[in-house]
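Protein chains in written order, with the working numbering: chain H, 209 to 862; chain X, -4 to 128.
Where is the CB? At the ideal position from N, CA and C, for every residue including glycine.
Step one of this worksheet: look at the structure below.
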Amino acid sequence: MEKIGVFVCHCGLNIAGTVDVKKVAEAISGYRDVAHAEEYKYMCSDPGQNLVIKAIKEKGLTGLVVAACSPTLHETTFRKAAQRAGLNPYKVEIANIREQCSWVHDDKALATSKAIKIVRTMVEKVRGDSPLETIKVDVTKKALVIGGGISGIQAALDIANSGYPVILVERQPSIGGHMAQLSETFPTLDCSQCILTPKMVDVSKHPNITLHTYSEVEDVSGYVGNFKVRIKKKAAYVDRDKCTGCGLCSEKCPSKNNSSEFERGMAFRKAIYTPFPQAVPNKPVIDRENCTYFQTGKCGVCAKVCTVGAINYEQQDEMIEEQVGSIVIATGYEVHPVSKFAEYGYGTIPDVIDGLQFERMLSASGPTEGEVKRPSDGKTPKEVVFIQCAGSRDPEKYFPYCSKICCMYTAKHAKLYKHKVHDGQPYVFYIDIRAGGKKYEEFVQQAIEEEKVVYLRGKVSRIYRDGDKVMVCGEDTLLGKKVEIAADLVVLASAITAQTDSRELAQKLKAAVDEFGFFSEAHPKLRPVESNTGGFFLAGAAQAPKDIPEAVAQASATAAKVTALFSGKYLEHEPIVATVVEDLCSGCRICVPACPYGAREYDKEKKVARVNEVLCEGCGACVSACASGATQQNNFSDQQFYEMISTALEESNV
Amino acid sequence: MFEPKMICFYCKWCTYTGADLAGTSRMKYLPNGVVLKSMCSSRIDPQHILEAFKKGADGVLIGGCHYGDCHYVTGNQLTHNRVAMLQKILPDFGIDPHRLRIEWISAAEGAKLVKVINTFTEDLRAMGPRRSK
Chain H
209 MEKIGVFVCH
219 CGLNIAGTVD
229 VKKVAEAISG
239 YRDVAHAEEY
249 KYMCSDPGQN
259 LVIKAIKEKG
269 LTGLVVAACS
279 PTLHETTFRK
289 AAQRAGLNPY
299 KVEIANIREQ
309 CSWVHDDKAL
319 ATSKAIKIVR
329 TMVEKVRGDS
339 PLETIKVDVT
349 KKALVIGGGI
359 SGIQAALDIA
369 NSGYPVILVE
379 RQPSIGGHMA
389 QLSETFPTLD
399 CSQCILTPKM
409 VDVSKHPNIT
419 LHTYSEVEDV
429 SGYVGNFKVR
439 IKKKAAYVDR
449 DKCTGCGLCS
459 EKCPSKNNSS
469 EFERGMAFRK
479 AIYTPFPQAV
489 PNKPVIDREN
499 CTYFQTGKCG
509 VCAKVCTVGA
519 INYEQQDEMI
529 EEQVGSIVIA
539 TGYEVHPVSK
549 FAEYGYGTIP
559 DVIDGLQFER
569 MLSASGPTEG
579 EVKRPSDGKT
589 PKEVVFIQCA
599 GSRDPEKYFP
609 YCSKICCMYT
619 AKHAKLYKHK
629 VHDGQPYVFY
639 IDIRAGGKKY
649 EEFVQQAIEE
659 EKVVYLRGKV
669 SRIYRDGDKV
679 MVCGEDTLLG
689 KKVEIAADLV
699 VLASAITAQT
709 DSRELAQKLK
719 AAVDEFGFFS
729 EAHPKLRPVE
739 SNTGGFFLAG
749 AAQAPKDIPE
759 AVAQASATAA
769 KVTALFSGKY
779 LEHEPIVATV
789 VEDLCSGCRI
799 CVPACPYGAR
809 EYDKEKKVAR
819 VNEVLCEGCG
829 ACVSACASGA
839 TQQNNFSDQQ
849 FYEMISTALE
859 ESNV
Chain X
-4 MFEPKMICFY
6 CKWCTYTGAD
16 LAGTSRMKYL
26 PNGVVLKSMC
36 SSRIDPQHIL
46 EAFKKGADGV
56 LIGGCHYGDC
66 HYVTGNQLTH
76 NRVAMLQKIL
86 PDFGIDPHRL
96 RIEWISAAEG
106 AKLVKVINTF
116 TEDLRAMGPR
126 RSK
């Protein structure tokens, strides 16, 4: 038989002012299994806690109900006190007679009678509570970072510098991401390559980092602390151990008219190539689709010129299996392509380009070696129109959200253009200028005041070609006038979007994405770098559009979360999880889709459903789904609910 | 005056915390309900609700997080479906489906909780004691 102690707190007059606490204690003594009942002025004080401890020890109490304030305040206090007295903390419940009784009612008789009902229902709960132990899970102290842009690089370096091994997976032939494509960065105008490439080298040289480029995550199974990951290392047809990165193969490759992804279609690359000269690793890959050898069986020039015999046309995709404890998702963003914009010519006007293409044009290592030349005829453009919010903040046609970085990079583009073409005139069409950030507003103001960039508030309705000019029709809403500019070049600040295949990746990882494909954080304010699925953390633009400082800060935050996860001997998990009585389970599997965490699985051999205790967050959705009562939740069992319901409805006779 | 007996199932994260807020804000409401807390409203089985009616409850209130705010992602959607289903078959048990109410009350909506409890209590008073047909 249970021996339950009930302790009624006065909370000064906060409870005792409305609830007759003496009467509550009297009414409960002698109630089912109640072996001890008393009241005290401040239960949470040291003397109060000592009363509890003393009673547990002297009367050998097996359960505790503390009738006091909300459990959010002192549940932990009394569970710890019970533990000190040798009682299992999960045999302690709080009857909330302050926030949900004395403070919300005026009538003393009614409040007292309600308090008695509340205490009784909690006595019933404790009677059914099992003594539980927290679930301890071993942790593989190794992290996987998906994506080798600036966020992934920062996360990998921070985790590696804390002493834990990291696997960094990047699907392109080189790490660096979009930041490697940028010319200069706002608001300081320091060269992107100069600040990024040393970090890329650090990654490749770090003893704790294993780098898999030209690789993709195929499959993830397991749970926080114990993930099994399969990584596909795509065939590069180059033996990366033998290759010295001399570049002779690319130089001699006769297939030269392949659009360069890194140059965003503004230049050509060979069929055997490294995306850019500072690539890490600086080893080429063969683009099979455009390789003469693979398409016709004739050529083999690269193999002939390679002095170390690194070319291997027989190379196959390789599968790598790894065990990790935690995963950082840093898969970055894409830019909405110009070809999607009807009003801007669907990408048919060669002198309408996007911001990333303009970055390549401005870059000293880009296709024009940093000179501004328009794509159609290579002439230096004298009038350039920049259009902000191309696709952003446009819920009817494109995306409702703000892409966040465009105001700043457009100001930067206009400035850099002026630095290169002194007699040129930049125009910027904008909806609002959003320049929140350290030195950001000053940067934009300087573009307007010192560099004489013309800012026009309004949207562009149409772009068409007229001779060698690009006609831009819009409206200056501040003057209420129609504007038409005969431009030489138009640069669209295209919307930042999630990676087009982010949903597929999310499915593999069992992590949530929002309606636009950005990975969802567990809480928008308090858990901004965690995914809802345990063990996954989010860094950079994979979560939402953000600039470099924010991406880096978030990446470092994920590293802090990962190292915190790795810092203990094991992970501790709340034990109020779902359980299965196998004899009752019919194997109907209705519990499996009810679980939002993938914690319910079907055991094909035994033909029963199971619970993965580590993944179970204890919501109980599967328990109510179970028709046979085979699934129960620890300390929230059906039996407990039934007892509590009848007790709550009993007349209290006071 | 007839005083109805009510069982109020609150989820821990939103409605229970909203009820705490009503308390800390010293709002007043009618004392007819007894609160049973679960981690998520999706733990509430239609059988729990039927049990409450069987044991003499005049009304049952389910309180959960707003859509999109569920601490367990999709739990409140399951609850909504189960309650809607049960409301359809309650007349077969001789129970007026209006005696079962579901409300989304966030941790910040103490005032909404007060309003829900008071109007539900008044409605149940107007309906009178429950008897089987």
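In angstroms with no decimal places, state the Cα-to-Cα distance between Ser423(H) and Ala538(H).
14 Å
Can you confirm whether Lys128(X), when its beta carbon is compared against all beta carbons of chain H, has any partner nearer than 7 Å?
No answer about Lys128(X) holds up, because its pLDDT of 44 lies below 50 and its placement is not dependable.
Euclidean distance between Cα positions of Ile223(H) and Trp311(H)
7 Å
Closest to Tyr617(H) by C-alpha separation, out of Phe394(H), Lys325(H) and Gly742(H), would be which residue?
Phe394(H)
Every unbroken alpha helix (DSSP H) within the segment 661 to 724 of chain H, with a cutoff of 4 residues, ordered by chain
710 to 717
I need the DSSP call for Ala303(H), collapsed to helix, strand or coil.
strand
Got a sec: is the Cβ-Cβ distance from Leu73(X) to anything in chain H below 7 Å?
yes
Does Asn76(X) pass the burial test, meaning 16 or more other C-beta atoms within 10 Å, or should it be called exposed?
exposed
Report yes or no: do the segment 17 to 28 of chain X and the segment 101 to 117 of chain X share at least 3 C-beta pairs separated by less than 8 Å?
yes
Excluding the 5 residues preceding and the 5 following Tyr663(H) in the sequence, name in chain order all residues of the same chain whose CB lies nearer than 7 Å to its CB.
Val636, Tyr638 and Ile656
Check distances from the C-beta atoms of the segment 87 to 117 of chain X to those of chain H and list, in chain order, the residues that come in under 7 Å.
none
His781(H) (DSSP reduced to helix, strand or coil)
strand
If we count the other Cβ atoms within 10 Å of its Cβ and call it buried at 16 or more, is Leu711(H) buried or exposed?
Looking at the sequence shown, residue 711(H) is not Leu but Arg. Under this definition Arg711(H) is an exposed residue.
Is Ala695(H) near the ligand HEM, in the sense that its beta carbon is under 6 Å from a heavy atom of that ligand?
Absent from the structure shown: the ligand HEM. Ligands present: none.
Between Ala882(H) and Ala351(H), how many whole angstroms is the CB-CB distance? I'm expecting something under 8 Å.
Residue coverage of chain H in this structure runs from 209 to 862, which leaves residue 882(H) outside it and unanswerable.
Close Cβ partners of Cys799(H) (< 7 Å) along its chain, the five nearest in sequence each way excluded:
Arg808, Ala817, Cys830, Ala833, Cys834 and Thr839
For Ser832(H), return the contacting residues in chain X, with the cut-off set at a CB-CB distance below 9 Å.
Ser37, Arg38, Ile39, Asp40, Pro41, Gln42, His43, Leu73, Thr74 and Arg77
Quick one: Cα of Ile57(X) to Cα of Cys35(X), how far?
10 Å
What does the Cβ neighbour count give for Asp846(H), buried or exposed, with the cut at 16 atoms within 10 Å?
buried
Can you tell me the Cα-Cα spacing of Lys128(X) and Ala52(X), whole angstroms?
In this prediction, Lys128(X) scores a pLDDT of 44, lower than 50, which makes its location untrustworthy; no coordinate-derived value is stated.
Are there three or more Cβ pairs, one per stretch, closer than 8 Å when the segment 408 to 421 of chain H is compared with the segment 516 to 523 of chain H?
no
Determine contact between the segment 397 to 406 of chain H and the segment 497 to 515 of chain H, defined as no fewer than three beta-carbon pairs at a distance below 8 Å.
no
Say whether chain X places a C-beta atom closer than 7 Å to the C-beta of Gly220(H).
no
What is the C-beta distance between Gly271(H) and Arg335(H), in whole angstroms, given that I count them as a contact (C-beta under 8 Å)?
7 Å
Have a look at Phe215(H), Glu247(H), Ser836(H) and Thr741(H) and flag the residue whose alpha-carbon is nearest the alpha-carbon of Leu269(H).
Phe215(H)
Mind listing which residues of the segment 797 to 818 of chain H have their C-beta closer than 7 Å to chain X's C-betas, in chain order?
Ala802 and Pro804
What residues in the segment 837 to 853 of chain H have a beta carbon less than 8 Å from any beta carbon of chain X?
Gln841, Phe844, Asp846, Phe849, Tyr850, Met852 and Ile853
Amino acids of chain H, ordered along the chain, whose beta-carbon sits closer than 8 Å to that of Ile2(X):
Ile853, Ala856 and Leu857
Who are the neighbours of Glu825(H) on chain X, taking C-beta pairs under 7 Å?
Tyr67
For Gly18(X), the first and last residue of its enclosing alpha helix (DSSP H):
Thr10 to Thr19
Taking CB distances under 7 Å as the criterion, tell me whether Val668(H) reaches chain X.
no
So if DSSP puts Asn466(H) in a beta bridge, which residue, or which two residues, is it bridged to?
Arg477(H)
Out of Ala443(H), Lys478(H), Leu564(H) and Cys597(H), which one is the CA nearest neighbour of Glu526(H)?
Ala443(H)
State the Cα-Cα distance for the pair Gly186(H) and Ser391(H), rounded to the nearest angstrom.
What is shown of chain H runs 209 to 862, which leaves residue 186(H) out entirely.
Runs of alpha helix (DSSP H) wholly within the segment 342 to 401 of chain H (minimum 4 residues, chain order)
358 to 369
Listed in chain order, which residues of the segment 412 to 436 of chain H have Cβ atoms closer than 8 Å to some Cβ of chain X?
none
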